[in-house]
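Notes follow once the structure below has been shown.
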Amino acid sequence: MQNFFRQTLLLIAFSIYNVSTIAAEPVSVVVGATQGLCIEDASCINRLHPSIPMIHRVKPGQTILFHTRDAVDVLGTIAAQRGDTEDSEVLRASILDKSRFYDMDNNFAHPMAGPVYIEGAEPGDVLKVTIISIDPGEYGYTFGSGGFIRDLMEGQFLAIWRLNNEFAVSDDIPGVRIPNASFPGIVSTLPGPEQLQTILHREQQLGMLSIV
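Those letters in the sequence shown? Residues -23 to -1, 1 to 189, per mature numbering (1 follows the signal peptide of the UniProt record, and there is no 0), in order.
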């Protein structure tokens, strides 16, 4: 239950390593959360693979706003959480319905916003990323069960949190306020074809199952 999943808005400035100019404003590109579910969103991906087409192009130093999703894509877009869409009331009611979390389909991968092409970057380059700010969504959750110690745990536990820029609070854990320490779960680059083959070979050597 240590994982505190939240949906966030990220302002990120990218630059190729040793390029010093970082533009804080204005936002050059907005990426992610254009549709209700990741599978419907052209700017949402579920794996890191060189064949995935870039959704945008930016220059080093430009600022990108990422609309991210929660780890299992059950909270909807932040716009819907905040009442900015027609289905906002339905979404908010469904978020508080805990049965959705216990009955959800686990045959999916972690949703990620992107990818964005950084002009001048090549496979194997190190990219410098400056996270300018993170604006949390309205809700988050702590979900306990499963995982590598599921044989040692009895039952399931779910806490739904209400978020703001200062604290997270939950009716499921009364009297507790968790200070806001929002962070992106994953910031990554896509591997090139040669890097992908190296990764797959390493996983096969370790006896891991690879899905390409």
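C-beta atoms are modelled at their ideal positions from N, C-alpha and C, and glycine is treated no differently.
DSSP state of residue i mapped onto helix, strand, coil
| i | result |
| --- | --- |
| E96 | coil |
| T(-3) | Because T(-3) sits at a pLDDT of 34, beneath the cut-off of 50, its placement in the model cannot be relied upon, and the following sentence gives the value as read from the coordinates. Here T(-3) sits in coil by DSSP. |
| R46 | coil |
| F160 | coil |
| I41 | strand |
| P113 | strand |
| A10 | coil |
| R139 | strand |
| F(-20) | Because the pLDDT of F(-20) is 43, which lies under 50, any placement of that residue in the model is unreliable, and the number read from its coordinates should be weighed accordingly. Three-state result, F(-20): coil. |
| D5 | Strictly speaking, residue 5 in this sequence is Ser, with Asp absent from that position. Three-state result, S5: strand. |
| R24 | coil |
| I155 | strand |
| A90 | strand |
| R77 | helix |
| S147 | coil |
| I55 | helix |
| I176 | helix |
Within 7 Å, strictly: CB atoms of residue i and residue j
| i | j | result |
| --- | --- | --- |
| I29 | P88 | no |
| P161 | L140 | no |
| A90 | T54 | no |
| A145 | I155 | yes |
| V4 | L42 | yes |
| Q58 | E115 | yes |
| G13 | S20 | no |
| Y79 | M31 | no |
| V164 | V103 | no |
| F134 | G117 | no |
Any C-beta of chain C under 7 Å from that of residue i
| i | result |
| --- | --- |
| D112 | Of the protein chains in this structure there is only one, and it is not chain C. |
CB-CB length for residue i against residue j, believed under 8 Å
| i | j | result |
| --- | --- | --- |
| S159 | I111 | 4 Å |
| V6 | V35 | 5 Å |
| P37 | G97 | 6 Å |
| T40 | I108 | Contact flag wrong, Cβ pair sits at about 11 Å. |
- Item | the region 163 to 172 in contact with the region 22 to 36 per 3-pair CB rule at 8 Å | Taking 8 Å as the limit for Cβ pairs, the verdict is that the region 22 to 36 does touch the region 163 to 172.
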